[in-house]
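Chemist:
Chains as they are written, first to last, in our numbering: chain A, 51 to 294; chain H, 51 to 294.
(1) Taking C-alpha atoms, which residue in 128(A), 59(A), 229(A) and 99(A) lies nearest to residue 239(H)?
(2) Distance check for residue 174(H) and residue 149(H), CA to CA, integer angstroms please.
(3) Whole angstroms are fine: how far does the CA of residue 88(A) sit from the CA of residue 120(H)?
(4) Verify whether the separation of the beta carbon atoms of residue 285(H) and residue 115(H) is less than 8 Å.
(5) Which residue spans inside the stretch 139-219 of chain A form an unbroken beta strand (DSSP E) run of at least 3?
(6) So with Cβ pairs under 8 Å, would you call residue 109(A) a contact of chain H?
(7) How do the stretch 126-135 of chain A and the stretch 222-236 of chain A stand: do at least 3 beta-carbon pairs fall below 8 Å, yes or no?
(8) Within 10 angstroms of the Cβ of residue 180(H), are there 16 or more other Cβ atoms? Answer buried if so, exposed if not.
(9) Can you pull the chain A neighbours of residue 120(H), defined as C-beta to C-beta under 7 Å?
(10) Along the alpha helix (DSSP H) that carries residue 60(H), what are the first and last residues, could you check?
(11) I think residue 204(H) touches residue 226(H), with their Cβ atoms under 8 Å apart; what is that distance to the nearest whole Å?
(12) When you compare each of 207(H), 139(H), 260(H) and 223(H) to residue 235(H) by their alpha carbons, which one comes out closest?
(13) Taking three-plus beta-carbon pairs below 8 Å as touching, is the stretch 194-202 of chain H in contact with the stretch 161-172 of chain H?
(14) Are the beta-carbon atoms belonging to residue 59(A) and residue 59(H) less than 8 Å from one another?
(15) On the CB-based measure, 16 or more other CB atoms within 10 Å of its CB, does residue 97(H) come out buried or exposed?
(16) Going by other Cβ atoms of all chains shown within 10 Å of its Cβ, with 16 needed for buried, is residue 94(H) buried or exposed?
(17) Run through chain H and tell me which residues come within less than 7 Å of residue 269(A), C-beta to C-beta.
(18) How should residue 275(A) be labelled, buried or exposed, when 16 other C-beta atoms within 10 angstroms of its C-beta is the threshold for buried?
(19) Would you mind sorting residue 84(A) into buried or exposed? The rule is 16 or more other CB atoms within 10 Å of its CB.
(20) Do residue 267(A) and residue 63(H) have their beta-carbon atoms positioned less than 8 Å apart in this structure?
(21) Using a Cβ cut-off of 8 Å, pull out every chain H residue sitting near residue 81(A), in sequence order please.
(22) Give the DSSP bridge partners of residue 292(H), in chain order.
(23) Scan the stretch 210-234 of chain A for residues whose Cβ lies nearer than 8 Å to a Cβ of chain H and list them as they occur along the chain.
(24) Take residue 199(A) and list the residues in its own chain whose beta-carbon comes closer than 8 Å to its own, dropping the five residues that flank it on each side.
(25) Taking 8 Å as the threshold (C-beta atoms), are residue 72(A) and residue 260(A) in contact?
(26) With distance defined between alpha-carbon atoms, name the residue in 118(H), 255(H) and 80(H) nearest to residue 182(H).
(27) Which residues mark the beginning and the end of the beta strand (DSSP E) in which residue 263(H) is found?
(28) Considering only C-alpha positions, which residue in the set 156(A), 113(A) and 247(A) is nearest to residue 127(A)?
(29) Rounded to whole angstroms, how far is the Cβ of residue 278(A) from the Cβ of residue 75(H), which I believe are closer than 8 Å?
(30) Compile a chain-ordered list of the residues in the stretch 67-78 of chain A whose CB is closer than 8 Å to at least one CB of chain H.
(31) Give, in chain order, every residue of the stretch 131-148 of chain A whose Cβ lies closer than 9 Å to some Cβ of chain H.
(32) Looking at the unbroken alpha helix (DSSP H) that takes in residue 242(A), where does it start and where does it end?
(33) Suppose the cutoff is 6 Å on Cβ atoms and the five residues either side in sequence are ignored; what does the same chain contact list for residue 184(H) look like?
(34) Just grab the DSSP bridge partners of residue 284(A) for me.
Written out as structure tokens, the structure is:
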């Protein structure tokens, strides 16, 4: 049997779709959570007649990365337990940039989801929902105040609960380095992050270029090694998007 | 505009297609080229109330990995210069397992391509061509003889030249840790590897599960970090395959 239907779909993508890279560069300059060391790159082999090899020393949550459920709640799935069919998902992008421009401590709420659904239809089951905030364009993403409290937007627990329970999403993603709004992470802890991972969802942090993706109709490809027992890894996220 | 045509394609995949994982586990036990050290995994954070992080020290060519063109020929593209549209490609699998079972030093030739095309049609431009040998199922993939020469199958240069020039492939992949047949790698050097990378193609080594993928009609997703200036990285390769 020679079933080339999928190749025909692929050919159609060349005309009507575009690729958007949602991942940051992987280098010592890449933004990462403030408590981690910079990655180290060595060159163990570099022969003039060819054979050039790098060696990396890097934490599992570096740059644009995936958090497996076990990153916080003990006993939840490790990275190798996320299945291939969870690595390509319908992508919904919910843009709250205007609200964040008015209030950097903005907490993403259930109403933001309902407003989005009124325009674009219900979030399909098994989706990847990304929160677009414009935060990735800031140089200072931590935005510490004089008391050492971070100020950036994030997910509220009611919204995460709605996505996990009512919409049965597979994953969420965002531009800052934390799931929770900075002020909540600094005062109450990583409560939203714990909650969403405890639902066996995964998440992607430090995403970029969400403003190049339409609200509906794209697919996200989340690529990462099958790292045994791992709480996460740097992830390469690509979106295949309808041209608008 | 709400263009959900791609989501409809995605829904169709759930019924008529299957996912096959073409990448090995990423762990210290993972096979890798004989000249590289094992990877090291540390656990810098593991708090009982949650926050579990790994730290990896690993060469760029570890387990199932992508080689960027610059891995051998100087001045060729680094990993970050491989574009998103090169990371999802039509996958052609050419099975030479029977020939390898008769002769472990088998050199993949132009005739193997022509025989395959007679059955399945011409390899489309911009494809990923994988050589299926069954070699990934062997425990001893190096297969050294008493003189320190490795014996395993590989690509012949005329076949690589045909794929690059006549079929304009984007990438090739194989199960052993080298492009060249072991006997050629050990006596003449990595001549085929140098050749195919010098064409600005990339390659994936140490692939598995190619026997679960049909000869034509699948797509391969090759996921890896956008590692700046890098000659390669561990890659997660998934195939979306028509159910047979």
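Where a beta carbon is used, it is the ideal one built from N, C-alpha and C, also for glycine.
Modeler: Taking the definition as stated:
(1) Taking each of 128(A), 59(A), 229(A) and 99(A) in turn and checking the Cα distance to residue 239(H), the smallest one comes out for 99(A).
(2) Approximately 25 Å, taken between the alpha carbons.
(3) Computed Cα separation, rounded: 25 Å.
(4) Cβ atoms of residue 285(H) and residue 115(H): closer than 8 Å.
(5) Within the stretch 139-219 of chain A, the complete beta strand (DSSP E) segments of 3 residues or longer fall at 178-182, listed in chain order.
(6) Closer than 8 Å to some Cβ of chain H, the Cβ of residue 109(A) qualifies, so yes.
(7) Segments in contact, no.
(8) That one is buried.
(9) Listed along the chain, the chain A residues whose CB falls inside 7 Å of the CB of residue 120(H) are 102.
(10) Segment 55-66, the alpha helix (DSSP H) holding residue 60(H).
(11) Indeed, because the Cβ distance is near 6 Å, the residues count as touching under 8 Å.
(12) Closest by alpha carbon: 207(H).
(13) Inter-segment contact for the stretch 194-202 of chain H and the stretch 161-172 of chain H is absent: fewer than three beta-carbon pairs are separated by less than 8 Å.
(14) If you check the CB distance, residue 59(A) and residue 59(H) come in under 8 Å.
(15) Residue 97(H) is classed as exposed because its beta carbon has fewer than 16 other beta carbons within 10 Å across all chains shown.
(16) The residue in question, residue 94(H), is exposed, as its Cβ has fewer than 16 Cβ neighbours within 10 Å.
(17) Per Cβ cutoff of 7 Å: 56 and 60.
(18) In summary, residue 275(A) is buried, with 16 or more beta-carbon neighbours lying within 10 Å of its beta-carbon over all protein chains present.
(19) Looking at its Cβ environment, which holds fewer than 16 other Cβ atoms inside 10 Å, residue 84(A) is exposed.
(20) Their beta carbons are not under 8 Å apart, which means residue 63(H) does not touch residue 267(A) by this criterion.
(21) Neighbours of residue 81(A) on chain H: none; closest Cβ ~14 Å, over 8 Å.
(22) Per DSSP, the beta-bridge partners of residue 292(H) are 67(H).
(23) If the cut-off is 8 Å between Cβ atoms, the stretch 210-234 of chain A has nothing near chain H.
(24) Answer for residue 199(A): 232, 233, 236 and 237, listed in chain order.
(25) Yes, Cβ-Cβ distance for residue 260(A) and residue 72(A) is below 8 Å.
(26) Residue nearest to residue 182(H) within the set 118(H), 255(H) and 80(H) is 255(H) (criterion: CA-CA distance).
(27) Segment: none, residue 263(H) is in no beta strand (DSSP E) and carries neither H nor E.
(28) With distances taken between CA atoms, residue 127(A) lies nearest to 247(A) out of 156(A), 113(A) and 247(A).
(29) Confirmed, Cβ separation roughly 5 Å.
(30) Residues 67, 69, 70, 71, 73, 74, 75, 76 and 77.
(31) Going along the stretch 131-148 of chain A in chain order, one finds 133, 134, 135, 137, 138, 139 and 140 with a Cβ nearer than 9 Å to chain H.
(32) For residue 242(A), the enclosing alpha helix (DSSP H) covers residues 241-248.
(33) Only 147 meet the Cβ criterion.
(34) Residue 284(A) is bridged to 115(A).
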